[in-house]
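Here's the structure, in structure tokens; my notes come after.
4 protein chains.
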Amino acid sequence: MSKNKRMDILEAALELFAERGYDGTTVPTIADQAQVGAGTIYRYFANKEVLVNSLFQECIQQLTNTLMTNVPPAAAPIRERFKHIFFRISEYAGARGQALTFIASHSDAPFLNESSREMFEQFLDLIRGVIDEGKEQGMICPLPSNALIAMVYGAMVQLFNMMKTGALEETPGLLAQIEECCWNAIRVH
Amino acid sequence: MSKNKRMDILEAALELFAERGYDGTTVPTIADQAQVGAGTIYRYFANKEVLVNSLFQECIQQLTNTLMTNVPPAAAPIRERFKHIFFRISEYAGARGQALTFIASHSDAPFLNESSREMFEQFLDLIRGVIDEGKEQGMICPLPSNALIAMVYGAMVQLFNMMKTGALEETPGLLAQIEECCWNAIRVH
Amino acid sequence: MSKNKRMDILEAALELFAERGYDGTTVPTIADQAQVGAGTIYRYFANKEVLVNSLFQECIQQLTNTLMTNVPPAAAPIRERFKHIFFRISEYAGARGQALTFIASHSDAPFLNESSREMFEQFLDLIRGVIDEGKEQGMICPLPSNALIAMVYGAMVQLFNMMKTGALEETPGLLAQIEECCWNAIRVH
Amino acid sequence: MSKNKRMDILEAALELFAERGYDGTTVPTIADQAQVGAGTIYRYFANKEVLVNSLFQECIQQLTNTLMTNVPPAAAPIRERFKHIFFRISEYAGARGQALTFIASHSDAPFLNESSREMFEQFLDLIRGVIDEGKEQGMICPLPSNALIAMVYGAMVQLFNMMKTGALEETPGLLAQIEECCWNAIRVH
DNA sequence: AATGAATGAGTATTCATTCAT
DNA sequence: TATGAATGAATACTCATTCAT
Chain L
690 MSKNKRMDIL
700 EAALELFAER
710 GYDGTTVPTI
720 ADQAQVGAGT
730 IYRYFANKEV
740 LVNSLFQECI
750 QQLTNTLMTN
760 VPPAAAPIRE
770 RFKHIFFRIS
780 EYAGARGQAL
790 TFIASHSDAP
800 FLNESSREMF
810 EQFLDLIRGV
820 IDEGKEQGMI
830 CPLPSNALIA
840 MVYGAMVQLF
850 NMMKTGALEE
860 TPGLLAQIEE
870 CCWNAIRVH
Chain G
690 MSKNKRMDIL
700 EAALELFAER
710 GYDGTTVPTI
720 ADQAQVGAGT
730 IYRYFANKEV
740 LVNSLFQECI
750 QQLTNTLMTN
760 VPPAAAPIRE
770 RFKHIFFRIS
780 EYAGARGQAL
790 TFIASHSDAP
800 FLNESSREMF
810 EQFLDLIRGV
820 IDEGKEQGMI
830 CPLPSNALIA
840 MVYGAMVQLF
850 NMMKTGALEE
860 TPGLLAQIEE
870 CCWNAIRVH
Chain R
690 MSKNKRMDIL
700 EAALELFAER
710 GYDGTTVPTI
720 ADQAQVGAGT
730 IYRYFANKEV
740 LVNSLFQECI
750 QQLTNTLMTN
760 VPPAAAPIRE
770 RFKHIFFRIS
780 EYAGARGQAL
790 TFIASHSDAP
800 FLNESSREMF
810 EQFLDLIRGV
820 IDEGKEQGMI
830 CPLPSNALIA
840 MVYGAMVQLF
850 NMMKTGALEE
860 TPGLLAQIEE
870 CCWNAIRVH
Chain A
690 MSKNKRMDIL
700 EAALELFAER
710 GYDGTTVPTI
720 ADQAQVGAGT
730 IYRYFANKEV
740 LVNSLFQECI
750 QQLTNTLMTN
760 VPPAAAPIRE
770 RFKHIFFRIS
780 EYAGARGQAL
790 TFIASHSDAP
800 FLNESSREMF
810 EQFLDLIRGV
820 IDEGKEQGMI
830 CPLPSNALIA
840 MVYGAMVQLF
850 NMMKTGALEE
860 TPGLLAQIEE
870 CCWNAIRVH
């Protein structure tokens with residue numbers, strides 16, 4: 690028996706939402722997966738929408754926290770700061786099951802509330818910060834930040850997605866090489 | 690009044706599936722958007738699942754057709770062949786409303802049938818072909834093809850998504866620069 | 690097969706609400722009684738609350754219409770005007786199954802909307818009009834109008850309720866005698 | 690902290706049942722109002738139905754007891770015996786919150802058991818006794834007893850209901866005048 | 001061929017009741 | 001004895017699909 694049913698529910702929802710999407714997942718299915726009664730879910734979340742938003746925000750929070758751990762000093766080389774972002778996101782993707790897939794496939798969803806959208810933007814801002822600084826230093830291409838973010842974030846999402854599904858095997862050194870690729874995509878040549 | 694109701698239905702479904710996803714879209718909503726009766730949809734598609742699969746396959750087919758137009762000769766430089774892929778996909782993304790978003794957000798969906806999955810793989814194979822050739826020629830990084838595809842494809846999906854939502858404005862020359870970036874991501878330095 | 694499913698649903702709801710009350714009646718039960726599918730109810734009424742309010746307002750409207758038929762001239766003797774009210778309500782109670790019971794048992798319900806409450810007040814105002822006029826003419830006791838209404842209306846509701854349940858048999862002449870009693874209750878002696 | 694949780698529960702249930710009805714009241718709501726845990730209710734009452742029946746019977750018992758207090762001798766004038774009934778019921782309505790409203794709105798409910806129905810009939814019999822005696826003495830109209838009871842009881846229920854909701858203000862002397870009206874309704878003229 | 005009203009299986013949510021603490 | 005978290009059956013409501021017109 691689990692100590693914390695709220696966490697069981699969130700964990701079950703994460704897995705199912707990542708696999709079938711919010712609308713493709715029924716509440717009883719979540720309850721089954723979490724090994725709780727259907728009614729129990731409503732003791733912790735007012736309704737299904739509150740549940741996704743809670744989950745989304747919790748995931749973004751964890752990802753943000755991960756990104757804020759062992760942050761290189763602001764004076765550190767952009768290259769190093771970029772590496773930090775890449776490997777921290779990668780670390781989170783590895784640590785928390787399907788969280789990145791869930792975030793990526795739901796971050797535009799119409800049922801996300803203002804708060805969820807804001808937190809997601811704040812997460813992107815962490816990447817934007819490094820990219821903007823890199824542009825100022827002339828290290829990163831002078832393209833719109835959103836374009837640069839899209840490339841790096843889009844690549845990473847697709848990559849970790851493939852690793853989860855098994856389409857891509859994580860071998861030693863692969864991540865470092867991919868990080869190099871992502872950096873090459875946006876750096877000034 | 691439209692000549693071809695089947696196309697009206699597919700067009701309506703494309704827009705709605707891209708925005709709200711398959712499970713978040715009701716058949717009557719598609720009918721409304723297509724300006725046909727709900728029952729009419731079932732004259733053209735046996736059920737909702739057949740509809741998505743038809744739409745998915747039609748989109749992939751169009752995208753594939755676009756990719757097969759004005760193909761550079763197999764002997765052409767890899768750089769040129771990569772450009773062709775990038776700009777053809779880009780062309781398709783611009784031409785057909787939300788098609789790329791729809792494809793990207795549904796290509797892992799559990800309701801896609803064998804045929805749909807196969808066609809999607811064949812589409813990826815077109816990219817894989819150039820990448821593998823590039824690797825053989827020593828022009829492209831010797832990483833797993835799926836990793837390279839993920840980066841290029843993931844970046845493009847995210848990019849065109851942002852352009853649709855307005856988060857990124859398409860200015861003259863931007864596309865060419867982004868293409869350069871994508872190439873830089875995977876080329877040997 | 691019925692021409693008008695909306696009416697079937699209202700009729701079924703009337704009977705069930707009168708017998709078991711709004712909260713004691715399930716929507717599927719109404720559907721069964723009306724011989725329609727459960728979903729059909731929602732084609733005609735947005736939800737259960739809209740259904741009760743529609744029914745309530747329709748009943749009040751019919752009752753009001755009945756009260757407005759063959760109205761004695763304003764100059765007619767109060768006694769005659771009182772009789773008109775009594776016998777019209779009585780007529781309605783006899784004509785429309787459980788309508789009066791339904792109205793009486795739901796007119797204070799928390800789910801009635803503003804419009805329903807207003808219409809009920811307007812119905813009471815029809816009684817109030819005669820009573821106030823009677824008080825001015827010195828024919829009816831100088832008590833608060835609401836007290837006089839309560840007595841007459843309360844007595845009638847209880848009476849017709851008993852007739853529906855069979856606790857009181859309607860014999861020739863009985864109604865006229867009861868009307869006399871009600872009049873005696875409020876007239877000046 | 691209360692001495693008697695059972696009474697707290699009954700008191701809470703009385704108020705809520707009177708306001709929203711049995712089916713419109715949830716057990717946890719009763720528990721909240723009574724300031725006890727939801728489970729506690731089941732220590733005192735086997736289930737919700739047993740709870741209403743207990744409450745109903747308790748109320749009827751109290752009302753009956755009130756009616757049996759200071760009863761005029763059987764030989765007393767009918768007028769006096771009628772007054773006793775009216776003022777005792779009135780006294781009870783004033784003393785015990787919403788008891789009369791609760792009784793009136795639930796006395797036909799399908800969930801009342803045989804015993805509850807019997808006790809309610811016994812209560813009505815107390816009124817019937819005076820009315821029948823009055824009819825024999827030629828003081829009260831020779832109408833079916835149920836009709837006479839309906840008028841008097843129906844009027845009183847409506848009256849006290851209005852007083853509770855504030856639609857009718859209780860002023861000195863008003864009750865006596867209303868009693869007179871009720872008597873006038875059924876007496877021989 | 002086209003429609004949209006009708007259906008009922010399926011989904012989100014509530015609530016009487018239980019039971020571990 | 002008292003609690004309130006947990007349950008799952010029951011309820012309101014939705015939606016893919018059918019079919020009479």
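Residue numbers (the working numbering), protein chains in the order written: chain L, 690 to 878; chain G, 690 to 878; chain R, 690 to 878; chain A, 690 to 878. All C-beta atoms in this analysis are idealised placements derived from N, C-alpha and C, irrespective of residue type, glycine included. It should be emphasised that the depicted structure is a prediction, and the values quoted were computed from it without experimental measurement.
Neighbourhood of residue i by C-beta distance below 7 Å, restricted to the same chain and skipping five residues each side
i, result
"I698(R)", "I719, A723, V725, I730 and Y733"
"H878(R)", "none"
"M696(L)", "none"
"P831(A)", "K824"
"P861(A)", "none"
Cβ-Cβ separation, residue j to residue i (assumed contact under 8 Å), whole Å
i, j, result
"Y711(R)", "A798(R)", "6 Å"
"I792(A)", "F745(A)", "7 Å"
"G827(L)", "A844(G)", "Incorrect: roughly 22 Å between the Cβ atoms, too far for contact."
"V716(G)", "A701(G)", "So it is not a contact: roughly 11 Å between Cβ atoms."
"R777(L)", "L756(L)", "5 Å"
"M840(L)", "I749(L)", "Rounded, the Cβ-Cβ distance is 21 Å, inconsistent with contact."
Residues near residue i in its chain [Cβ-Cβ closer than 8 Å; skip 5 each side]
i, result
"Q847(L)", "none"
"S834(A)", "R817, I820, D821 and K824"
"M690(R)", "At M690(R) the pLDDT is 49, less than 50, meaning the model places this residue with poor confidence and gives no usable figure here."
"E858(G)", "M852"
"S743(R)", "L699 and F734"
"P761(A)", "E769, R770 and H773"
Chain A residues whose Cβ lies nearer than 9 Å to that of residue i
i, result
"Y733(R)", "Near Y733(R) there are no residues of chain A at all, since even the closest Cβ is about 23 Å away, more than 9 Å."
Proximity winner among the options, relative to residue i (alpha-carbon distances)
i, options, result
"K824(R)", "E700(R), R777(R), S779(R) and P766(R)", "P766(R)"
"L837(R)", "A707(A), S804(A) and N873(A)", "N873(A)"
"L705(L)", "H795(L), E769(L) and H773(L)", "H795(L)"
"E738(L)", "E807(L), L813(L) and L801(L)", "L801(L)"
"N754(L)", "E780(L), R768(L) and R709(L)", "E780(L)"
"A856(G)", "L813(L), T860(L) and C830(L)", "L813(L)"
"R876(G)", "F809(G), K772(G), M808(G) and A784(G)", "K772(G)"
"L703(R)", "V741(R), N736(R), S804(R) and L815(R)", "V741(R)"
"Q811(L)", "K694(L), L752(L), T714(L) and N736(L)", "L752(L)"
"I829(L)", "G713(L), T860(L), R770(L) and N736(L)", "R770(L)"
"K694(A)", "T860(A), T714(A), D721(A) and F775(A)", "D721(A)"
"F775(L)", "L815(L), E803(L) and N736(L)", "L815(L)"
Contacts that residue i makes with chain A (C-beta to C-beta distance below 7 Å)
i, result
"Q751(R)", "Correct list: empty, because the minimum Cβ distance to chain A is about 22 Å."
Under 7 Å by beta carbon: chain R residues contacting residue i
i, result
"P833(A)", "L857"
"N873(A)", "N873, A874 and H878"
Contacts around residue i, its chain only, beta-carbon distance under 6 Å, and the 5 residues preceding and following it disregarded
i, result
"A782(L)", "L789 and F849"
"A763(A)", "none"
"S805(A)", "N742, F745 and Q746"
"A670(A)", "What the structure shows of chain A is the stretch from 690 to 878, and residue 670(A) is not part of that stretch, so it cannot be assessed."
Under 7 Å from the C-beta of residue i: neighbouring residues of chain L
i, result
"Y781(G)", "Near Y781(G) there are no residues of chain L at all, since even the closest Cβ is about 17 Å away, more than 7 Å."
"C748(G)", "Neighbours of C748(G) on chain L: none; closest Cβ ~18 Å, over 7 Å."
"M828(G)", "Within chain L, no residue comes near M828(G); the closest Cβ sits about 14 Å away, beyond 7 Å."
Residues that residue i contacts on chain R, provided the C-beta gap is smaller than 8 Å
i, result
"L848(A)", "A836, A839, M840 and G843"
Within chain G, partners of residue i - CB distance below 9 Å
i, result
"P799(L)", "E708, R709 and G713"
"L863(L)", "L832, P833 and A836"
Proximal chain G residues relative to residue i, where beta-carbon distance stays under 8 Å
i, result
"S794(L)", "S794"
Cross-chain neighbours of residue i in chain R, by beta carbon under 9 Å
i, result
"L703(A)", "Under the 9 Å cutoff, chain R gives no residues; its nearest Cβ is about 16 Å from L703(A)."
Where residue i meets chain A, residues with beta-carbon distance less than 8 Å
i, result
"M808(R)", "None at all; the shortest Cβ gap to chain A is about 17 Å."
"M757(R)", "Going along chain A, no residue has its Cβ under 8 Å from M757(R), so there is no contact; the nearest lies around 23 Å."
"I867(R)", "L832, A836 and M840"
Where residue i meets chain L, residues with beta-carbon distance less than 8 Å
i, result
"M851(G)", "N835, A836 and A839"
> Touch check for the region 852-865 of chain A and the region 851-871 of chain R: three-plus C-beta pairs under 8 Å?
Replying inline: no
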